[in-house]
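For the first sequence, this note's numbering gives the first residue as 38, with consecutive numbering after it. Here a beta-carbon is modelled for each residue, glycine too, at the ideal position from N, C-alpha and C. Quantities reported herein were computed from a predicted structural model and do not represent experimental measurements. One structure is given here, and the rest of the page talks about it.
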Amino acid sequence: MRYWLFKTEPDDISLDDIRAAGKKGIRWDGIRNYQARNFLRDQVRKGDGVLIYHSQCKQVGIVGTARTLGDSYPDPAQFDPQSPYFDPKATPDSPRWYCVDIAFEQALPTTISLASIKQDPALSDMVLVKQGRLSVQPVTDAEWRYLLS
DNA sequence: GCCAACGTTGGC
DNA sequence: GCCAACGTTGGC
Numbered sequence: 038m039r040y041w042l043f044k045t046e047p048d049d050i051s052l053d054d055i056r057a058a059g060k061k062g063i064r065w066d067g068i069r070n071y072q073a074r075n076f077l078r079d080q081v082r083k084g085d086g087v088l089i090y091h092s093q094c095k096q097v098g099i100v101g102t103a104r105t106l107g108d109s110y111p112d113p114a115q116f117d118p119q120s121p122y123f124d125p126k127a128t129p130d131s132p133r134w135y136c137v138d139i140a141f142e143q144a145l146p147t148t149i150s151l152a153s154i155k156q157d158p159a160l161s162d163m164v165l166v167k168q169g170r171l172s173v174q175p176v177t178d179a180e181w182r183y184l185l186s
């Protein structure tokens, strides 16, 4: 059981969209960054906890949590020529990109802003603080508990 | 098997 | 919309 932080642009998929999908959840796909892919492919498994983070918007920060519904699996969009996520170099025998299904768990009463996370000494080791531009990243047990308390 | 070039990301 | 950081790619 691991914990993660997933970034999303709310104009694309927001926490409300995840909530609206209900128990069957939504497919978290379209990840086309290798570092994020590696975490997704190698370590994201059923039942992991996910912090949902809104990026590229007015209020950047953590807005809620979700839960993975299964292990990660090859992203079908990479094989679909009609999809914007199509990758001609990917084959079913040798998939390049991965995705996972997640379901809404809770909305936080207030957004935990990136600015406040950066200011908090207890969170100074978060990947979010130490490395930007990573849309799937690990969160420690301690960070998870601290952020949700 | 080195390493420059590339594509993606995301705060500002 | 700039541009810095990252992992991968591919020519040599």
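- Linking LYS61 to ALA140 through their CA atoms gives a straight-line distance of about 7 Å.
- If only uninterrupted alpha helix (DSSP H) runs of at least 4 residues are considered, those enclosed by the segment 52-91 are 52-57, 71-80.
- By DSSP's assignment, CYS136 forms a beta bridge with TYR110.
- When DSSP states are grouped into helix, strand and coil, LEU171 belongs to the coil group.
- Remark: C-beta atoms of LEU151 and GLY98 approach each other more closely than 8 Å.
- In the three-state reduction of the DSSP assignment, SER131 falls in the strand class.
- In this structure LEU160 touches GLU180 by the C-beta definition: roughly 6 Å separates them, less than 8 Å.
- In the DSSP secondary-structure assignment, ALA103 is bridged to VAL87, PHE141.
- With a 10 Å radius around the Cβ and a threshold of 16 neighbouring Cβ atoms, GLN168 comes out exposed.
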